[in-house]
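Chains A, B and C, in that order, are what the protein sequence lines are.
Read in order, the letters of the first sequence are residues 1 to 341 in UniProt numbering.
Read in order, the letters of the second sequence are residues 1 to 341 in UniProt numbering.
Read in order, the letters of the third sequence are residues 1 to 341 in UniProt numbering.
Backbone N, C-alpha and C fix where the C-beta goes; we use that ideal spot for every residue, glycine too.
As the structure is a prediction and not an experimental result, all values here were calculated from the model.
A short write-up of the structure that comes next.
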Amino acid sequence: MFPMNQWYVAAYAWELQDKPVARTILNRPLVLFRTVAGEVAALDDRCCHRALPLSCGIIDKGGIRCGYHGLLYAPNGQCVEIPGQARIPSKCRVEAYKVAERNQIVWIWLSDQPDSEPTSLPPEIAAHDDPRYKYKGGLFHYNAPYQLIHDNLLDLSHLGYVHLKTIGGNPQIHMEAPTRVESDDDYVRVVRWMKASQPPATYSQAWPFKGLIDRWQEIDFHVSHLNIWTGAVDADTEPLDNPNRGGFHMRGFHGITPETETTSHYFWTIASNSHPDRPDMSELVYSQTEATFAEDKVVIEAQYQNMCRFGDLPMIDIHVDAGANRARRIIDRLNKAALQS
Amino acid sequence: MFPMNQWYVAAYAWELQDKPVARTILNRPLVLFRTVAGEVAALDDRCCHRALPLSCGIIDKGGIRCGYHGLLYAPNGQCVEIPGQARIPSKCRVEAYKVAERNQIVWIWLSDQPDSEPTSLPPEIAAHDDPRYKYKGGLFHYNAPYQLIHDNLLDLSHLGYVHLKTIGGNPQIHMEAPTRVESDDDYVRVVRWMKASQPPATYSQAWPFKGLIDRWQEIDFHVSHLNIWTGAVDADTEPLDNPNRGGFHMRGFHGITPETETTSHYFWTIASNSHPDRPDMSELVYSQTEATFAEDKVVIEAQYQNMCRFGDLPMIDIHVDAGANRARRIIDRLNKAALQS
Amino acid sequence: MFPMNQWYVAAYAWELQDKPVARTILNRPLVLFRTVAGEVAALDDRCCHRALPLSCGIIDKGGIRCGYHGLLYAPNGQCVEIPGQARIPSKCRVEAYKVAERNQIVWIWLSDQPDSEPTSLPPEIAAHDDPRYKYKGGLFHYNAPYQLIHDNLLDLSHLGYVHLKTIGGNPQIHMEAPTRVESDDDYVRVVRWMKASQPPATYSQAWPFKGLIDRWQEIDFHVSHLNIWTGAVDADTEPLDNPNRGGFHMRGFHGITPETETTSHYFWTIASNSHPDRPDMSELVYSQTEATFAEDKVVIEAQYQNMCRFGDLPMIDIHVDAGANRARRIIDRLNKAALQS
């Protein structure tokens, strides 16, 4: 079961061009496509005639056309043409979903109420359209449930053990970093400061630090996605609670969309700024971030496979779990409320 | 469940040479082989000593010899030698099946009655031994139940959407072709005429048509196989109901043998005639037919996978489904009758 | 279910160097490792914090360190360090298993009693440390239950059908070899003599026999492993019951360790002696043995897959099954006794 009445990431805008995309989201097999007119659309991925996935068809004027017998469906799910047949039964339609495009992210509104209208705009991912940053994104398919990815992102103390070669650094410093956790009904914030620490490899390559750095991690958890703002300034040059502080910045966007109960889509982008004295390092930041997230994927999938092997044994909490546990309580509460309503 | 007391295609004659062939047919794992004396045989593929598949053994004088301890089985299933042991228990035997070879097809009689004798000769596939034709065949394994292949073959209107590059042509013409459907208790015939139409790519390459063509499709469905006679003459030169009409002919044989409830063997051959002014095009016709059937396989397997994903949702019939629906009623009736007997 | 209170082979000594090894043994997913101090250890392969396999971690001073958040476990299973946290909960531990290293084999004691102490030393495999022999070993993973490997090794009559190219020889001679079977509560011995027979290919290459040979096979079955002593002398030169007889000797060790109910680890080594007039042939003996055991694997996995396909049908015994059937009765008796206790 998944939190409903939420905007989830369905796709990147650039994925939807002249071909339909098949993607299962919260157990629903969907076809995502962009119409000839440029609008994004999401339908159940099943022709109601003989059940071929509509994603095997083609985008055509007016909608998407099935690749078996040519039935044409409008973005609202209604079949509007059956080749060779004048009458179109009113039942000849498929479920359509609300989608919206914002900052190059295609969001889908999923609800447990039929014909539910979104109660908000989709989230803004400002760094995607901020001229100070360059960004690039990737998509990982996970053989693991979505909450294990939340856990991983809400606890960045693992960097010292999992990501030694890129953004890690000294493990002990990570495990002992002062950490502040705040939360409300649908939001968790974890802030960690590592003052006067050695810059990790990625940081040194991307920014001309003079020596030790004051490093921050600000993790904002929302039900369907996280924003993680990390970066550093030269040690003792600026307060880390100044929202307009300088230095090197990485703004990560993490859309965690359940595919099924046990598999997930992980959409991630990383935006970074450039120092005037350094050529643009955004491609390096992107590729090292990708390498880092691939390391997380290995760990999380091994973790999940092991949870399946060993079954439902107790887990012992340690000090780093505070943020992740609050996020789990939010998801639990939303799921329980849905069961009771 | 499958219609019983039928001849099903088990193999091509040329598959059975000096090595046994393992093939599951209607859920029965069988070994098919040709004896040293040249007869075809079919046995349960399990040595009754320690259960090794007999198909792991070798063909030897008198039958097939197990590859583990050398037990020798005659084509009637009786063990006739246990190396190193004088006495052969009478229980030391495996089930044998009735098989027959006709027109280079090896048929197997499958019945729900023990020791049932076939009530007919196996079907004749005359084009295989007709000097006017050259033919060649292929075998596809399908991850889809057999009736989806019936549906596909009984409705050739899909050619315009699925087979654009070869035997398709204008989709609208296909969807609007006048179609006649006849049937009786174990037989469906679908006849479609596309008069004054553009010849599709395969036709133009194989035959020197002058311009537009009158094209026919005659589909004869039987419970275990279909014969599909397609072809064309120059437009307005000959009536399409003349059984001896000229022009370009393709005679397809389609043996659809269930492997399990959800997987199938699809044996197909295509026989074509040659125009005196053109070199033999039968290899071209074969290879384009193979490409076409590979396209069908992609569609049908995607369709079945989608039926599994979405579960048992209603399907909406359209005008092209008449023939396929009658074939489904024949199979349903045979299966229900078997349940009641 | 498996016989408990036994030493099973867990690994070869040379597998445990500077990296942990993940291996499931009798349904328990374990991490095997050698400490910095050189001791072997076996733990449940699951960090009790967030369930990552410990085999994804690293060997560190004092034990094994988890690759996610750095928890350190001692060889007795106790967590001895949680980075960044002073207090270690007493529950923060994993199950540890008794292991012992002897003759380059790492054995694990598996019991159905908590904290059970081994009732014996692990078995001695003397040929591994006997200067007259050179040996080398391999490890096969089997998609088949362990008892099918017992069956195969306790009946060497299959050599003539399965291993024609190496250690086989004339199948009829194998099937008719006089065979003596002895057993007690936890032990079966099968002795077969093939006098005045042609040497098989491997024998001729490894030893300068003058012509026909007197060949022996002595198979000693124990619950978790077999020792198979095979070899030959020139025909009519020495009695085959002289324990100090000369000629060519192959001493096989076969550790059959269930992975799960349906899969197995097969550890095997082969030790052979060299004739003074021939260069060392132990590498040839090893590689031909490996080829032979690969042939067995094909047969046994095909056999098991077929048993799954056909279900629980009766099997008919023949004369060669006496040894294997006694071994099965030993396993059955141990398993039944465990159920009643």
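Nearest residue (CA-CA) to residue i, options the options
i               : options                        : result
D129 of chain C : C:I270, C:L154, C:L26          : C:I270
Q147 of chain A : A:W229, A:H163, A:T262         : A:T262
K195 of chain C : C:P208, C:L212, C:K98, C:H254  : C:L212
G311 of chain A : C:F2, C:L52, C:I149            : C:L52
I167 of chain A : A:Q85, A:H141, A:M250          : A:M250
K19 of chain C  : C:S55, C:A41, C:L43, C:R28     : C:S55
W216 of chain C : C:P208, C:D151, C:R189, C:V223 : C:R189
I88 of chain A  : A:H49, A:N325, A:R102          : A:H49
M283 of chain A : A:P239, A:R326, A:Q205         : Here residue 283 of chain A turns out to be Glu, not Met, going by the sequence shown. For the residues A:P239, A:R326, A:Q205, the minimum Cα distance to E283 of chain A belongs to A:Q205.
L110 of chain C : C:Y203, C:D236, C:R328, C:L30  : C:L30
F2 of chain A   : A:N335, A:G84, A:Y286, A:Q288  : A:N335
A324 of chain C : C:E290, C:V223, C:D277, C:L121 : C:V223
R28 of chain A  : A:E301, A:M4, A:G38            : A:M4
A74 of chain B  : B:I64, B:P83, B:Y68            : B:I64
R46 of chain B  : C:S341, C:I330, C:I316         : C:I316
A144 of chain B : B:P314, B:L313, B:Q305         : B:Q305
G277 of chain C : C:F248, C:K91, C:Q172          : The sequence as given places Asp at residue 277 of chain C; Gly does not occur at that position. It is C:F248.
D220 of chain C : C:A201, C:V191, C:N242         : C:V191
D214 of chain C : C:A86, C:W229, C:T237          : C:T237
V94 of chain C  : C:A337, C:C79, C:R102          : C:C79
N-terminal and C-terminal residue of the beta strand (DSSP E) that residue i is part of
i               : result
A271 of chain B : 264-272
G231 of chain B : 225-234
D317 of chain C : Looking at the DSSP string, D317 of chain C is not in any beta strand (DSSP E), and its letter there is neither H nor E.
Y161 of chain A : Unbroken run through Y161 of chain A is the alpha helix (DSSP H), 159-162; no beta strand (DSSP E).
T166 of chain B : Premise fails: T166 of chain B is in no beta strand (DSSP E) and is neither H nor E.
P53 of chain C  : From DSSP, P53 of chain C is part of no beta strand (DSSP E); its letter is neither H nor E.
H254 of chain A : 248-258
E218 of chain A : 213-221
L139 of chain A : 134-142
A41 of chain A  : 40-44
D60 of chain A  : 58-60
W193 of chain C : 187-197
Coil, strand or helix - residue i by DSSP
i               : result
G323 of chain B : helix
H150 of chain A : helix
M175 of chain A : helix
Q205 of chain A : helix
Q6 of chain A   : strand
L334 of chain C : helix
R28 of chain B  : strand
D129 of chain C : helix
L339 of chain C : helix
E182 of chain C : strand
R329 of chain A : helix
Residue span of the alpha helix (DSSP H) that contains residue i, given as start and end
i               : result
M307 of chain A : 282-310
V36 of chain B  : Per DSSP, V36 of chain B belongs to no alpha helix (DSSP H) and is neither H nor E.
Per-residue contacts from residue i into chain F (C-beta, under 7 Å)
i              : result
I82 of chain B : Among the protein chains in the structure shown, which are A, B and C, there is no chain F.
Check: residue i C-beta below 7 Å from any heavy atom of the ligand MG
i               : result
S272 of chain C : Annotation note on the ligand MG: not contained in the displayed structure, which lists no ligands.
At a cut of 8 Å, does the segment 2-14 of chain B reach the segment 242-260 of chain B through at least three beta carbon pairs?
Short answer: they touch.
3 or more residues per run - each beta strand (DSSP E) lying fully within the segment 65-126 of chain B
Counting only runs of 3 or more, we get 79-81, 96-102, 105-110.
Below 8 Å, how does it come out for the segment 292-303 of chain B and the segment 130-149 of chain B: are there three or more Cβ pairs, yes or no?
Touching, yes.
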